[in-house]
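Undergrad: First the structure, then my questions, so here it is.
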Amino acid sequence: MVILYTVLKIALMIAFTLNMGAILTWADRRQSAMIQDRVGPNRAVIKIGKFELRLAGLLHPLADGIKFVFKEDFRPPRADKLLFGIAPILAVASVLIVLAVIPFGDTLCLEGLTKAGIPVEECARNAEKGVFPLALTVAPMGIGLLFVFAISGQGIIAAAMAGASSDNKFSLMSALRAGSQMVSYEVTLGMSLIGAIMLYGTVRFDEMVRWQSENAWGIFVQPFAFVLFFVAAVAETKRVPFDLPEAESELVSGYFTEYSGMKFAMFYLGEYMEVVTSSMLIVTIFLGGWALPFLHRDGIHVTLGDVDLIKQLGGMLQGGMPDNETVKAMATTGVAPLMHWGVVLIGVLGFFGKVLITCFLQTFVRWSLPRFRYDQLMRLCWKVLLPASLANIMLTGVGYLALKSLGPSVEPTLKVLSDLAQWLVALIVPFIVIRGVIGFAKNKRREVWKVGSSSAFADRPGGTTVGPMQA
Amino acid sequence: MTVTFPKKAVSARAKAMHVEAAERNITTQVYIPEVVRGVAVSMQHFFANTKEMLRGERPDPVHERLDPGISTISYPEQKRPYPERFRGMHRLTLRANGDPRCVACLCCSTACPAQCIFIEAGEYAEGDPRRGHERFPVRFVIDELRCIFCGFCVEACPCDAIRMDTGVHPVPYDSRDQFIYKKDLLMSFVDRDGGRRDDNPRHEPGDASHPGIDRTAATH
Ligand code: SF4
Ligand code: SF4
């Protein structure tokens, strides 16, 4: 039974990441087109008689996949056969293995699914009675974060192997660049998280998320570390503005210049999947993982310091329907109860939603910034990011000790602050959604220029707009 | 002795064109505010364009070409209308009876800098009133792949028999010989309004409008 659940979890994680990788290739092209006032790819089409399926270009990854499979698998004659073959596998594996320790949902208490959720410890105690807890992580490991660093370091080896074995000077240059860049940024990546680990008091991902759902999201307690980690994570994925290893304008396409067919696809998709995994890490460590504001294991709590809004609401409702069990529970405990499976499901959806948004943001960064020069890259890492992350560790330590020495007298203030952080998130999201809807509904006035003979011809039947505009 | 040059007055236009190098100040050095600004610009474009795309309100690539937004022409479905005097594919204009107006004078093939016109002239049959005045093209071939679309042939033609007002360009083919347009094909083309309009009326010998000069009066 446990094995079946594990297989299901693996399938979910890998399916999500692989598909996201493919979709990100589409999003990358289409989003960049929208940013640069272009149309983007929309020509891949499935034609069944008169019916045309275009899906706004979503078929392009599919067409790519088919092309990759049928392409010749070329290997340079003097390449190192073994290393050349292993490198792409290693590149993808190092990305996929990281997924094993990332929790995508709250621990599920089997058999208590339709009741209000109970704490994990209690669930574990009831394990003999068949209510064993099912952690929504492929491999709930005690060394979570350390495992991630150990595995994601393998990506360097893949890049170096591919570059060194493919008997091409550009690839070799790129391998050197990739090696030094990733080794350098790995340091910042680790250092920027020390502050967060100090606060959370754990390297386990699920405990980190639990801390964040009880207090405040990592981005509020460690904003500085968030920025550092984001930068270092983008550098680790080797994408613009840190795409020195595969700089098209300098090194053809870097360490995978000589690859073709499916092996190329593994590098190419691996890069996009790396965006997904790094987004997952960012979400888990800084954006509260599966935790959503006010949503707790047993239901919805809405508080602001001492004021308990759910309790008040329950009190108000009690006048109208005094017999309702739910309302009574709300008025007494301050919890609007939700079924356990519902809470977990919302959490899982929330996690994947946050990952999507983070990927989306990473793509925006990728299409907004120019590439660094190599010396700038190194200077940014060793002279700016690393000292900054060290300073962050120190500041966090000092702040933590200062708060501790103040003792319990500051706790109400901290409680209010953490509630405010939750309120902020809970209010910003609807605000953005409403803003988006209003913006979408607003009409735009355009100026029409009818000058010249081509303009006159465009007005005639069969002018410019003779065919339908494609999405 | 020092020579002082009179200071040149800087025009307002030159001043306006002057571009300041990006200033080094705290926000540019910290880098992150500038990154945020850059991403914000990308987002503005992204959301504006996505909205237009979803609502199907992309600006018209001709009439609204100066407006912000995607003004790409989706080529095979949409075409940029060529200006009025665009020199497109050739066509041979026709007489009222459907014959080509060309009299096979070879002016066009002589004028053609690319030497891509080949004409084989034929005489009218014995007894035809036109025999002795004019000939007709037995074969009229234009190699559209060689043509440089200079329009000299059109200007050289004394009979307004060849025109480039079709408003289309030769379509791409698979092989070169498909670009060699024969007489029948050239005669089948219409002008950009779909008509076979030719402005210069013909004055056949014997018509009242004919100036009356014919070979019978010739001394050579
Ligand atoms: S357009 Fe110029 S090149 Fe083309 S056929 Fe006429 S004269 Fe020759
Ligand atoms: S110049 Fe005109 S009439 Fe003379 S051969 Fe060419 S098309 Fe015919």
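Line by line, the protein sequences are chains Z and R. Reminder that position 434 of the first sequence reads as 1430 in our numbering, one-by-one numbering, no gaps. Reminder that position 175 of the second sequence reads as 313 in our numbering, one-by-one numbering, no gaps. Glycine is no exception: its CB is placed at the ideal position from the N, C-alpha and C atoms.
1) Between which two residues does the beta strand (DSSP E) containing Asp1102(Z) stretch?
2) Do you know how far the Cα of Leu1051(Z) is from the Cα of Arg1025(Z)?
3) Just mark Ala1454(Z) as buried or exposed, buried being the case when its beta carbon has 16 or more other beta carbons within 10 Å.
4) Write down the C-beta distance between Lys1005(Z) and Leu1132(Z) rounded to the nearest angstrom, noting that I regard them as a contact closer than 8 Å.
5) Measure the alpha-carbon distance for Met139(R) versus Arg162(R) and round it to whole angstroms.
6) With a cut-off of 8 Å, does the C-beta of Trp1363(Z) fall near any C-beta of chain R?
7) Within 8 Å (strictly less), CB to CB, does Ser313(R) reach chain Z?
8) Within 8 Å of any Cβ in chain A, is that where the Cβ of Gln1208(Z) sits?
9) Taking Cβ-Cβ distances shorter than 8 Å, what residues in chain Z pair up with Arg203(R)?
10) Closer than 7 Å to a non-hydrogen atom of ligand 2 - does that hold for the CB of Ile300(R)?
11) Using DSSP with H/G/I as helix, E/B as strand and the rest coil, what is Arg301(R)?
12) So, Phe317(R) versus Leu283(R), is the Cβ gap smaller than 8 Å?
13) Can you check whether the C-beta of Met139(R) is within less than 8 Å of a C-beta belonging to chain Z?
14) From this set, Val1230(Z), Ala1089(Z), Gly1197(Z), which residue's C-alpha is nearest Thr1184(Z)'s C-alpha?
15) With a threshold of 8 Å on Cβ separation, who are the neighbours of Leu1265(Z) within its own chain once the five nearest residues in sequence on each side are excluded?
16) For Arg79(R), which option in Asp315(R), Arg334(R), Cys291(R) has the closest C-alpha, if you only look at C-alpha atoms?
17) Could you tell me whether any non-hydrogen atom of ligand 1 is closer than 7 Å to the CB of Pro275(R)?
18) Grab the span of the beta strand (DSSP E) containing Leu1130(Z) for me, first residue to last.
19) Can you grab the Cα-Cα spacing for the pair His341(R) / Arg233(R), in whole Å?
20) Can you list, in chain order, the residues of its chain with a C-beta nearer than 6 Å to that of Ala1040(Z)? Leave out the 5 residues immediately preceding and following it.
21) Does DSSP classify Asp198(R) as helix, strand or coil?
22) Taking three-plus beta-carbon pairs below 8 Å as touching, is the segment 1089 to 1101 of chain Z in contact with the segment 1270 to 1285 of chain Z?
23) What is the rounded straight-line gap between the Cα of Gly333(R) and the Cα of Asn1439(Z)?
24) Name the chain R residues whose beta carbon is nearer than 8 Å to that of Arg1034(Z)?
25) If we ignore side chains and look at the alpha-carbon of each, how far apart do Thr304(R) and His228(R) end up?
26) 8 Å is my cut-off, CB to CB: does Phe1453(Z) come that close to chain R?
27) Using DSSP with H/G/I as helix, E/B as strand and the rest coil, what is Lys320(R)?
28) Using a threshold of 7 Å, is the CB atom of Ile280(R) nearer than that to any non-hydrogen atom of ligand 2?
29) Considering only heavy atoms of ligand 1, does any lie closer than 7 Å to the CB of Phe290(R)?
30) Would you say Met1187(Z) reaches chain R, if we count a Cβ-Cβ gap shorter than 8 Å as a contact?
31) How would you label His348(R), buried or exposed, when you count the other beta carbons within 10 angstroms and need 16 or more for buried?
32) So, at 7 Å on beta carbons, what are the nonlocal neighbours of Phe1143(Z) in its own chain, with the 5 sequence-adjacent residues on each side left out?
33) Can you tell which of Leu1391(Z), Ala1452(Z), Thr1359(Z), Leu1416(Z) has the C-alpha that lies nearest to the C-alpha of Ala1023(Z)?
34) Counting only beta-carbon atoms, is Lys321(R) nearer than 8 Å to chain Z?
35) Could you check whether the segment 1159 to 1177 of chain Z touches the segment 1238 to 1245 of chain Z, counting it as contact only if at least three pairs of C-beta atoms, one from each stretch, sit closer than 8 Å?
36) Closer than 7 Å between beta carbons: that is the criterion. Which residues of the segment 1009 to 1031 of chain Z meet it against chain R?
TA: According to the structure shown:
1) 1101 to 1105
2) 14 Å
3) buried
4) 7 Å
5) Any reading at Met139(R) must be qualified, since the residue scores a pLDDT of 48, below 50, and its modelled position is unreliable; no value is offered.
6) yes
7) Any Cβ of chain Z closer than 8 Å to the Cβ of Ser313(R) would place that residue at the interface, and such an atom is absent.
8) In the structure shown, chain A does not exist; the protein chains are Z and R.
9) Trp1445
10) yes
11) strand
12) Cβ atoms of Phe317(R) and Leu283(R): closer than 8 Å.
13) Residue confidence is low: Met139(R) scores 48 on pLDDT, short of 50, so the model does not pin down where it sits. Its coordinate-derived value is still stated next. So, not an interface residue.
14) Val1230(Z)
15) Leu1014, Gly1017, Ala1018, Thr1021, Val1088
16) With chain R covering 139 to 358 only, the question about residue 79(R) has no answer from this structure.
17) no
18) Going by DSSP, Leu1130(Z) is part of the beta strand (DSSP E) stretching over 1129 to 1132.
19) Straight-line spacing of the CA atoms in His341(R) and Arg233(R) works out to 11 Å.
20) Here the set comprises Leu1055, His1056, Ala1059.
21) Correct three-state label for Asp198(R): coil.
22) yes
23) 41 Å
24) Ile208, Thr210
25) 7 Å
26) yes
27) In the structure shown, Lys320(R) sits in coil (DSSP, three-state: anything other than H, G, I, E or B).
28) no
29) Checking every heavy atom of ligand 1 against the Cβ of Phe290(R), one is found closer than 7 Å.
30) Not closer than 8 Å to any Cβ of chain R, the Cβ of Met1187(Z) fails to qualify, so no.
31) By the Cβ neighbour-count rule, His348(R) is exposed, with fewer than 16 other Cβ atoms within 10 Å of its own.
32) Val1097, Met1137
33) Comparing alpha carbon positions, the residue from Leu1391(Z), Ala1452(Z), Thr1359(Z), Leu1416(Z) closest to Ala1023(Z) is Thr1359(Z).
34) no
35) yes
36) Gln1027, Met1030, Ile1031
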